[in-house]
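Numbering (full-length UniProt numbering), first residue to last: 1 to 724. Glycine included, each C-beta is placed from N, C-alpha and C at the ideal position. For reference, the structure discussed in these notes is given below.
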């Protein structure tokens, strides 16, 4: 049975909804912690770095006082072990650590095979939050209770490493918000909240907004907006409680949101703008900046762009008049931080940290007053969704919350921001991938197989439901607020953007026809552009004049390989290559990888710059095989389909991997994953795969294979031609 409010117009029981969310979040955090513990316990520091959860061979370059009085360590590569350098100094090796990640900084163990436990790392290391990531360094703000060991880090061999942990801070905020919802009495439910749970209907919006006097005469800040963008903005302004802006790939969703924010400011509204990631929020800050909007960006910007930093709370508290009063205390704290590294022993360091503790109390009191004044005086506040739950917004109220990438955010995350508002505008694309849910992958193999089959058959969202600890209603964290509201209130609360500015018309055609009701239209500037038309010298070849290429490996000469080797015994697992253990049941296809390399080489030899090319695949094991491409063609991007969502490149090569006699496609059958894969390119999409296997996966896949056979430049590879 479908959960309340999903695929039905039934109102949602709010306490029951909150209770279910709490149980699902607990299972998700448990899965994250278990995954981290398993990885750290079983693999060497070098392998963990390759897996994207650690950075090794670091030294402490500097120690200072950061925002909130926190001790911040600046960690850079050890020159003795760094193999890469530039004019600006040594660079970090490739890694997966991002701004906002929760990490442990600890002395790097000698040797590479020693088993270690997360608990042991936590005992000996310092936990903190990554505040900046640059080419040559990473900054980590340490938790206070462990900052006293900072001065001793890197003692033994001088090197430290950082290991990514599960982000329990985000979960605490989501849990706190769900707890508030659960305890709300009927009298405390605003009209806004009632609408979002189906207890009331949304206020009606005039059918023809262009003809309505209130909305007909809008003076557009950007008159170049297309009609679907203008319609979405009018609708969002006219809606009293909720509006969904559906932005398919390349349709200018962020561009539309910028105009919406500017129009709301004209009407005197106070706005909270949120997204699930730092990048999504920083993108809006960057686009708003030229309009001289008075705004504050909470948290730590993910990119070191002046347009972002100048609006961050960290900078504003130092540059505003109110911020001047805390400078003297900060200077004294910085002096203490510098002396920590010079302290001769642990006793001296403890004394300094005791003095720092007292200074911090005074600093925080002054800083909070400064922050409160800055936030209260701002008409636009921007933060990540969980960042909206920080102390800075504790007593703040907003006329409207705008959530970008709402279809990639957990619903519980959204409610952290929504409780402070009277209205919401959610922008996203529910036909692309939802947030990654790790607890879905920790089910029994039987449930997992059923989930994969249901997904491949294109069944509704609840087919992949996680059912643990009494959650019999089929609810899943994959069901986003965007999904649920659309199911609850229907398309009347949504407007779709229909002109896309990314893809050649031929690349756009299949996803438009299959997923977007054939409503997408390619803008004139992009509909016919090819690789040969790039603004630099490119040869005219079959590869640079075809926007859509299908290299069909049908026939069984390009078989997939199961990284799990079809043997789950502990003995086999112990002997398995490191790549196999890190990627679990992931699939790879060596022969298909050779075709990818061959095609990349042909593009580069025709003049295409490697930085304009991306190779994407659904399988991490395939990425591991393709990794040497980055050395052969510096600048080329390799990524999983899931990780490449929101990105674009001039030329994209998609390696489908699956090729077997049983026609098994696994999660390749997920429409939304394929939608992401086929909508990343601007001028050239090359699909490499086995049509005989893929077409048997689902009706959707069968139609895609038929489309490619009829519309793409169809090629059949010769195995004997593959030399690398």
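Taking 4 residues as the shortest admissible run, the stretch 479 to 543 contains the following complete alpha helix (DSSP H) segments, listed from N- to C-terminal end: 481 to 489, 505 to 515. In the three-state scheme derived from DSSP, where H, G and I count as helix and E and B as strand, residue 220 is classed as coil.
For residue 476, no alpha helix (DSSP H) run applies, since DSSP gives it neither H nor E.
Between the C-alpha atoms of residue 162 and residue 644 there is a straight-line separation of about 25 angstroms. Of 429, 213, 217, the smallest CA-CA separation from residue 494 is found for 429. A buried status is given to residue 197, since no fewer than 16 other beta-carbon atoms sit within 10 Å of its beta-carbon. By the criterion of at least three beta-carbon pairs nearer than 8 angstroms, the stretch 680 to 690 is in contact with the stretch 500 to 518.
Closest by C-alpha distance to residue 542, out of 712, 327, 167, is 712. Taking the Cβ atoms as the reference, residue 422 lies roughly 7 angstroms from residue 190, within the contact range of under 8 angstroms. In this chain, the alpha helix (DSSP H) harbouring residue 42 covers 14 to 42.
Burial check for residue 536: the Cβ neighbour count within 10 Å stays below 16, so the residue is exposed. For the stretch 663 to 703, the full-length beta strand (DSSP E) segments reaching 3 residues or more read 681 to 689 along the chain.
Of all C-beta pairs linking the stretch 355 to 362 to the stretch 243 to 253, fewer than three are shorter than 8 angstroms, placing the two stretches out of contact. When the alpha-carbon of residue 693 is set against those of 718, 555, 586, the nearest one is in 555. Per the C-alpha coordinates, the member of 710, 80, 63 positioned closest to residue 549 is 710. Selection 401, 107, 97, 261 evaluated against residue 291 yields 261 as nearest (Cα-Cα). Rounded to the nearest angstrom, the gap between the Cα atoms of residue 547 and residue 646 is 20 angstroms. In this structure, the straight-line span from the alpha carbon of residue 221 to that of residue 234 is close to 13 angstroms. DSSP places residue 348 in the helix class (H, G or I) of the three-state scheme.
Taken through DSSP and simplified to helix, strand or coil, residue 137 comes out as coil. A direct Cα-to-Cα measurement between residue 34 and residue 129 gives close to 20 angstroms. Between the alpha carbons of residue 557 and residue 668 lies a gap of roughly 20 angstroms. Excluding residues up to 5 positions away in sequence, 182 lie with their Cβ nearer than 7 angstroms to the Cβ of residue 19 in the same chain.
The DSSP-derived three-state label of residue 199 is coil. Of the residues 640, 332, 610, 657, the one whose Cα lies closest to the Cα of residue 651 is 610. For residue 74, the enclosing beta strand (DSSP E) begins and ends at 71 to 77.
Counting other Cβ atoms within 10 Å of its Cβ, residue 125 reaches 16 or more and is therefore classed as buried. Assigned with DSSP and collapsed to three states, residue 613 falls in strand.
Partner residues in the beta bridge of residue 244, as assigned by DSSP, are 426, 494. If you check the CB distance, residue 297 and residue 311 come in under 7 angstroms.
DSSP places residue 210 in the coil class of the three-state scheme, outside both helix and strand.
One thing to note: residue 167 has its Cβ within 7 angstroms of the Cβ of residue 102. The shortest C-alpha to C-alpha distance from residue 662 to any of 48, 648, 559 is the one to 559. Under the three-state reduction of DSSP output, residue 710 falls in the helix class. Under the rule that a run must span 4 or more residues, the alpha helix (DSSP H) segments found entirely inside the stretch 267 to 291 read 278 to 288. Contact check between the stretch 595 to 602 and the stretch 622 to 634: three or more CB pairs, one atom from each, fall below 8 angstroms, which counts as touching.
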